[in-house]
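For reference, the structure discussed in these notes is given below.
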Amino acid sequence: TVATAFIGHPFWNAAPAAWFGQFANFWKNISMAGGMVVLAMAGPGRYALRP
108 TVATAFIGHP FWNAAPAAWF GQFANFWKNI SMAGGMVVLA MAGPGRYALR P
């Protein structure tokens, strides 16, 4: 997801009309990667499907 953010959503090269869409999707991908890191570090906790 981090590579996809930098390769697929380069908002710094986007035209002014497409800038916000690229910017929002870039940070969406970065935040999903951050969430995966937090989940990997903390574990699923009480919301696990298996005990």
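To get our numbering, take the position in the sequence shown, counting from 1, and add 107. We put the CB at the ideal spot given by N, CA and C, even for glycine. Given the structure is predicted, the values throughout are model-derived calculations rather than measurements.
Look at residue 108 here: in three-state DSSP terms it is coil, with no helix or strand label. In the structure shown, residue 150 adopts coil according to DSSP, grouped into three states. Going by beta carbons, residue 126 and residue 118 fall inside the 8 Å limit.
Under the criterion of beta carbons closer than 8 Å, residue 131 and residue 108 do not qualify as touching, at roughly 15 Å. Here DSSP, grouped into helix, strand and coil, assigns residue 155 to coil.
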